[in-house]
DNA sequence: AGCCTTTACGACAACGTTGTCAAGATCTCG
DNA sequence: CGAGATCTTGACAACGTTGTCGTAAAGGCT
C-alpha cells in the first residue's frame, strides 16, 4: 500500500535509521489505515535475542488477595516496560504447576515468575538449564540459584508471638497451613523460636498444621477452644485461616476474650470487632521487585521484603 | 538425536498418524532427554488457522475481588482447554486500555476478553474488523455485535432498593461510581426505577455519583449523614464503596441505625457487625462463561448471569 | 569530470514449525 | 510372484518478521 518492500516497513516500525522521511510518512499512514501490527510470533522467531517481551506468572491462587496484589505488582512493572504477562493459578496442584510451566516455556516467556511448590525443583532446574530466566517469589527451593523475593516468615511470626507473650499469654495456639508449603514451615519455626525464647514449651495439642492433622482449620480451631485448658491467644499462619478464626471466635462470643494475630493483612481487618492485628506483607512490592529482577539481566540473590506488625485490637487482648 | 527429520518430530509431537512405534519411541525419548518443547511462536506462525491457544484479558483491576474471581473463572476454563491467559489491569486509564489491546493483538491472541470503557468502541471495532474474537464482560458498548456476559444491574439494584423500601425506608441514599462506567449507569437507573415505582421522588441531595460530584465516596457518605434530614438507608453501588460506607457508619456508631445494601459480595461481609446485606454477583461464573464463549466459534449474544440478594442484617434494619 | 563516501532502499536467508507432496519400503491379494 | 495399495518417512515451501548484504542514486571532494 505504501509501495515499499516489507523490509522497509520493518525499518519504519522499529525506528531503524536509513529511511527517508517521505517514505516513513507513507508507511506510517498505510500502517494506520490498515491497522497493521507486527506479528509478535514472527518477531520473536526472528529476533537475534529471541525476546518475546512476555512473562509467565504462576501463583497459587489469583483470587486470593495476597497473590492478586502480588500479580498487580508484577503487572505494574511489566506494563511500563512493554511486557505482557501470562497468569495462572495452581491451587497447589503439582500437575497444573508442571503443565503451566511447560506451556509458558513453549511460549518462550522471557522470565517465569513463580511461587514454587516443594516438588517443582526438578522441572524448574530443567527450565533454568535451558537458559530461561526464573524468579521465585514467596517461596524458595534449595539449590536453585535464581533471583528470589521472600519475606522472613520466621521473623515476622516471632514478632507476632512475642507480641502476644508480652501481653501475658502462655498458651498460644498455632494454626498453620500444610508444612509442605515453604511459608508455612518458616512461620511454624518462628512460633517455636518465640515460645522457647520465652521459656515456654511447645504444647503439641495447641498446634494445628494442615496436612499433618488432616482436619480443616475450622475444625482445628474448634478443637483448640474445646480443650479443658484452651489457648488464651491464637496465631494464624495465613489470611484465610485468620478469617476462619475470626468467624469461630465471633460465633462463640470469644472475640474479646481470645487474642488473635494473623500472618498477612486483609481487607476489612480494621472494621471487624475488634480489629484484627496482623503481620502485614507488602505483596505489591514483592511482585514489583520480582518483575524488576526478571527484567534485569544482572538481578540475582535473595531479596527480603520486610513485614510489619499492625496493631488493631485483637492482638492486644491480655491473657 | 533420534536420527529422524524434524518433520517426523513434528508428527510425533502432534500425534499425527503414520509414524512407526519404534520411531515414535526414539523421538519421545530424545525429546524427554533434551527437554524439547515446540516453539509456540513458530507453531502459531505456520498453523493454517493461526491459533495461538492464548487469550488476552483486560479488566479494571485484578487486585479487586470481583475482577480477581472473574479472572479465576476465565483461567479455570482456559487451563482445561490448554489456553494460556494474558492479564492486565487498566485502572480505568484509557491509554492503557488501548495500549494493552494493541499488545494483545500483536501477540495474536485467539480472543480478547475485556470489560471495556465507554471509549473503547473505536479501537475494539477495528480489532473485530480484523477478524479477531472479542468477548465483553461486565460492561458493554452499543453497536458491538460480540458475545457478552453481563448481569442485570438495574434489576439487581431494584431488588436491593425494593428490599429497603419494604422495610419502611423512604430516604435512601445512592452512592455510585462514575456514570462513565456502564455498571454504574444501570445501577443508578435501577435505583430511580425502584423509588419512582414506590411513588418516592428522587432527592438529588441523597445521590452521589463519583465524577459528577467530584468528591470521594467517603466525603459523600459523610455529607449525606450530616444532612439535616439524613437518609435512613444507603445503597452502595460497588464493593469498595460498600466497605467505605461500613467504615463511616461504624466510626459514627450508626451501623445499627442506618440500613445498608451494597452491590457485589465481598469477603467477610458476614463477619462484620451487622453482617452486610448485598446483591451478590457470581464473578467466577461470569468469567467461565466468557471463556466458553471465547472458545466456541458459534458463541454469540448477550448472556445475563443472575444476581442474588443475600440478607445478612444491615439491609434488614427498619426505618 | 572522476572517484569515493554516504544514503536509501530491496533481495534474500533464516528463525522453528506445519502442510503438501513425493518416494521408497512393506504389505495384501489374486 | 507381481501389481497395486498402504505405510512410513523426508524434501521443500511457507508463515511474517529481522539481520546481512548488495546496489543504485545522490552527495562531496579534488
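Residue numbers (this note's numbering), protein chains in the order written: chain A, 1 to 319; chain B, 1 to 319.
Cβ coordinates follow ideal geometry from the N, Cα and C atoms, glycine included.
List, in order along the chain, the chain B residues whose C-beta lies closer than 7 Å to that of residue i?
| i | result |
| --- | --- |
| residue 86 of chain A | 84, 85 and 86 |
| residue 69 of chain A | 63 |
| residue 225 of chain A | Per Cβ cutoff of 7 Å: no residues; residue 225 of chain A is ~17 Å from chain B at best. |
| residue 247 of chain A | 271 |
| residue 72 of chain A | 62, 63 and 89 |
CB-CB under 7 Å to residue i, same chain, minus the five flanking residues each way: which ones, in chain order?
| i | result |
| --- | --- |
| residue 218 of chain A | 244 and 248 |
| residue 311 of chain A | 277 |
| residue 17 of chain A | none |
| residue 61 of chain A | 67, 89 and 91 |
| residue 200 of chain B | 170 |
In terms of residue numbering, what span does the alpha helix (DSSP H) encompassing residue i cover?
| i | result |
| --- | --- |
| residue 123 of chain A | 121–129 |
| residue 12 of chain A | 6–13 |
| residue 221 of chain B | 217–226 |
| residue 190 of chain A | 182–197 |
| residue 73 of chain B | 65–80 |
| residue 164 of chain B | 153–166 |
| residue 261 of chain A | From DSSP, residue 261 of chain A is part of no alpha helix (DSSP H) but of the beta strand (DSSP E) over 259–263. |
| residue 241 of chain B | 239–251 |
| residue 44 of chain A | 40–46 |
Which stretch, first to last residue, makes up the beta strand (DSSP E) that contains residue i?
| i | result |
| --- | --- |
| residue 105 of chain B | Taken as a continuous stretch (DSSP letters only), residue 105 of chain B belongs to no beta strand (DSSP E), being part of the alpha helix (DSSP H) at 94–106. |
| residue 88 of chain A | 84–89 |
| residue 55 of chain A | 54–59 |
| residue 310 of chain B | 308–310 |
| residue 287 of chain B | Looking at the DSSP string, residue 287 of chain B is not in any beta strand (DSSP E); the run it does join, the alpha helix (DSSP H), is 283–295. |
| residue 208 of chain A | 207–209 |
| residue 24 of chain B | Per DSSP, residue 24 of chain B belongs to no beta strand (DSSP E); it is in the alpha helix (DSSP H), 21–34. |
Taking the beta carbon of residue i as the centre, do at least 16 other beta carbons fall within 10 Å, making it buried, or is it exposed?
| i | result |
| --- | --- |
| residue 75 of chain A | buried |
| residue 196 of chain B | exposed |
| residue 227 of chain A | exposed |
| residue 38 of chain A | exposed |
| residue 138 of chain B | buried |
| residue 52 of chain B | buried |
| residue 6 of chain A | exposed |
| residue 94 of chain A | exposed |
| residue 256 of chain A | exposed |
| residue 121 of chain A | exposed |
| residue 161 of chain A | buried |
| residue 142 of chain B | exposed |
| residue 46 of chain A | exposed |
| residue 262 of chain B | buried |
| residue 297 of chain A | exposed |
| residue 116 of chain A | buried |
| residue 302 of chain B | exposed |
| residue 212 of chain A | exposed |
| residue 34 of chain A | exposed |
| residue 204 of chain A | exposed |
| residue 15 of chain B | exposed |
| residue 251 of chain A | exposed |
At a CB-CB cut-off below 8 Å, which residues of chain A make contact with residue i?
| i | result |
| --- | --- |
| residue 102 of chain B | 37 |
| residue 40 of chain B | 41, 106, 107 and 108 |
| residue 308 of chain B | Under the 8 Å cutoff, chain A gives no residues; its nearest Cβ is about 19 Å from residue 308 of chain B. |
If you drop the 5 nearest sequence neighbours on each side, which residues of the same chain put their C-beta closer than 8 Å to that of residue i?
| i | result |
| --- | --- |
| residue 130 of chain B | 105 |
| residue 108 of chain B | 44, 50, 52 and 54 |
| residue 267 of chain B | 65 |
Grab me the residues of residue i's own chain with a C-beta within less than 6 Å of its C-beta, minus the 5 sequence neighbours each way, in chain order.
| i | result |
| --- | --- |
| residue 2 of chain B | 26, 27 and 30 |
| residue 307 of chain B | 151, 156, 279 and 281 |
| residue 206 of chain A | 173 and 231 |
| residue 147 of chain A | 135, 293, 299 and 300 |
| residue 202 of chain A | 192 and 195 |
| residue 233 of chain A | 164, 169, 172 and 259 |
| residue 83 of chain A | 53 and 55 |
| residue 322 of chain B | A question about residue 322 of chain B goes unanswered here, because the residues of chain B that appear run from 1 up to 319. |
So which residues of chain B does residue i contact, with C-beta pairs closer than 8 Å?
| i | result |
| --- | --- |
| residue 299 of chain A | Neighbours of residue 299 of chain A on chain B: none; closest Cβ ~23 Å, over 8 Å. |
| residue 75 of chain A | 62, 87, 88 and 89 |
| residue 243 of chain A | 267, 268 and 271 |
| residue 44 of chain A | 41 |
| residue 130 of chain A | 35 |
Less than 8 Å between the CB of residue i and some heavy atom of the ligand NAD, yes or no?
| i | result |
| --- | --- |
| residue 67 of chain A | Summarising the ligand content, the structure contains no ligands, and the ligand NAD is consequently not present. |
Using the beta-carbon of each residue, which ones in chain A are nearer than 9 Å to residue i?
| i | result |
| --- | --- |
| residue 126 of chain B | 35 |
| residue 250 of chain B | 271 and 273 |
For the pair the segment 77–96 of chain B and the segment 158–171 of chain B, tell me if three or more CB-CB distances fall below 8 Å.
Taking 8 Å as the limit for Cβ pairs, the verdict is that the segment 158–171 of chain B does not touch the segment 77–96 of chain B.
Quick check: the segment 146–165 of chain B against the segment 179–189 of chain B, are at least 3 beta-carbon pairs closer than 8 Å?
Flag = yes, the segment 179–189 of chain B and the segment 146–165 of chain B touch.
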